[in-house]
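S.K.:
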Amino acid sequence: MARAIRVRPLSDTVKASLEALIASGELPPGARLNEVMLAKRLGVSRGPVREAARALEKTGLVTVILNRGAFVRSMDIDEAMKVYELNSVLLGYAAARLAVACTAEQAMCLRALVQDMDQAISSEDKDAFFAANVLFHERILAFSGNEVVEQVYREHTRKLLLLRRRSFDRVGSMAEANAEHRHLLDAILAGDPVLARQIGEAHTRSGRARFLTAIDYRDRVKRASTDGSTPLAQTDEKED
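Numbering (the numbering used here), first residue to last: -9 to 230.
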């Protein structure tokens, strides 16, 4: 008997594409989602774009305002600092749990991600680095074996997706972050939960510091630039 082929709903595919645009910064915080231009770019009608925007509203990435449209959610510095503080505790907790129960397969996965980030640094590919960086943290939470903590981390980290990519704008910041990843992984593989927790918490605090430094850097660059346009964030056409 032939196996049924599961087809991914179009709205899910569009949702993933919008998430990628937000993560890359092409759709920055506060930008309105231009349904016409996004639909044209993704090769779909406006309906799936609208459905995807509603789905992203539930994840905290998008805010939908009646009669105005959907906007990439903005997060102020105070809220971001609170999320970083929470994530510091969660990552430290997960790293400590993983340190006492890490399997060979899990270790191989984490090592591969660190190597992927090394390669991205060498090729100066910030997009590839960011993707592997996000996955490295998510894998530690997933491998910790506490689904509740993993879910809380994912929910709050998704909000930081709007901001975290900025942390790697400064030259040398990717190398700094991956050196911390390597130290964290060493502690996990050494089976030292106390050290793994300490390094996990410190790594998140360092990420927060990189983010704050990057904000100042981007502001200076923005002031020096006269071109800050983002086509996909332009005012949308009037709704039908």
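For glycine and all other residues, C-beta sits at the position ideal for the given N, C-alpha and C.
Residues in its own chain within less than 7 Å of Ala29 by CB, not counting five upstream and five downstream?
M.R.: Along the sequence shown, one-based indexing puts residue 29 at 39. Closer than 7 Å at Cβ, skipping near neighbours: Ser35, Arg36, Val39.
S.K.: In whole angstroms, what separates the C-alpha of Gln109 from that of Asp159?
M.R.: By one-based count along the sequence shown, residue 109 stands at place 119. By one-based count along the sequence shown, residue 159 stands at place 169. So the alpha carbons of these two residues sit roughly 17 Å apart.
S.K.: In the DSSP assignment, find the unbroken alpha helix (DSSP H) run with Ala167 in it and report its ends.
M.R.: Position 177 of the sequence shown, counted from the first residue, corresponds to residue 167. Note, Ala167: alpha helix (DSSP H), 163 to 179.
S.K.: For the candidate residues Leu151, Glu137, Leu202, Gly50, whose alpha-carbon lies nearest to that of Ala84?
M.R.: By 1-based counting over the sequence shown, the position of residue 84 is 94. Taking only the C-alpha atoms, the option nearest Ala84 is Glu137.
S.K.: Within 10 angstroms of the Cβ of Ser78, are there 16 or more other Cβ atoms? Answer buried if so, exposed if not.
M.R.: One-based indexing of the sequence shown puts residue 78 at position 88. By the neighbour-count rule (16 or more Cβ atoms within 10 Å), Ser78 is buried.
S.K.: Looking only at DSSP bridge pairs, what is Thr194 linked to?
M.R.: Counting from one through the sequence shown, the residue named residue 194 turns up at place 204. Partner(s): none; Thr194 has no beta bridge.
S.K.: Below 7 Å CB to CB, which residues in the same chain sit around Val139 once its five sequence neighbours on both sides are set aside?
M.R.: Taking the sequence shown and counting its residues from 1, one reaches residue 139 at position 149. Taken in chain order, the residues that qualify are Leu80, Tyr83, Ala84, Leu131.
S.K.: Which residues does DSSP pair with Ile60 in a beta bridge?
M.R.: Against the sequence shown, residue 60 aligns to sequence position 70. Here residue 60 is Ala; the residue named in the question, Ile, does not match the sequence. Val54, per the DSSP bridge assignment.
S.K.: Are the segment 160 to 168 and the segment 99 to 108 touching by the rule of at least three beta carbon pairs closer than 8 Å?
M.R.: yes
S.K.: Strictly by DSSP, which residues pair up with Arg22?
M.R.: Counted from its first residue, the sequence shown places residue 22 at position 32. According to DSSP, which records beta bridges pairwise, Arg22 is partnered with Phe61.
S.K.: Touching or not, the segment 176 to 184 and the segment 119 to 128, by the rule of three or more beta carbon pairs under 8 Å?
M.R.: no
S.K.: If I follow the unbroken alpha helix (DSSP H) through Ser7, where does it start and stop?
M.R.: Taking the first residue of the sequence shown as position 1, residue 7 is located at position 17. Note, Ser7: alpha helix (DSSP H), 0 to 14.
S.K.: Beta-carbon within less than 7 Å of Val4's beta-carbon, same chain only, minus the 5 sequence neighbours each way: which residues are those?
M.R.: Here residue 4 refers to the residue found at position 14 when the sequence shown is read from its first residue. Spatial neighbours of Val4 in its own chain (CB-CB distance under 7 Å, excluding positions within 5 residues in sequence) are listed in chain order as Leu32, Val34, Pro38, Val39, Ala42.
S.K.: When the distance is taken between beta carbons, is Tyr74 closer than 8 Å to Gly197?
M.R.: In the sequence shown, the residue the question calls residue 197 occupies position 207. In the sequence shown, the residue the question calls residue 74 occupies position 84. Cβ distance < 8 Å, so Gly197 and Tyr74 count as in contact.
S.K.: Any idea if Met98 is buried or exposed, counting beta-carbon neighbours within 10 angstroms, 16 or more meaning buried?
M.R.: As a first step, residue 98 must be located in the sequence shown, where it is residue number 108. With fewer than 16 other Cβ atoms within 10 Å, it is exposed.
S.K.: Using three-state DSSP, classify Cys92 as helix, strand or coil.
M.R.: Position 102 of the sequence shown, counted from the first residue, corresponds to residue 92. The answer is coil: DSSP assigns Cys92 none of H, G, I, E or B.
S.K.: Going by other Cβ atoms of all chains shown within 10 Å of its Cβ, with 16 needed for buried, is Leu56 buried or exposed?
M.R.: As a working mapping, residue 56 is identified with position 66 in the sequence shown. Exposed: under 16 other Cβ atoms inside 10 Å.
S.K.: Taking just the CA atoms, how far does Glu9 sit from Leu0?
M.R.: Taking the first residue of the sequence shown as position 1, residue 0 is located at position 10. Taking the first residue of the sequence shown as position 1, residue 9 is located at position 19. Cα-Cα distance, rounded: 14 Å.
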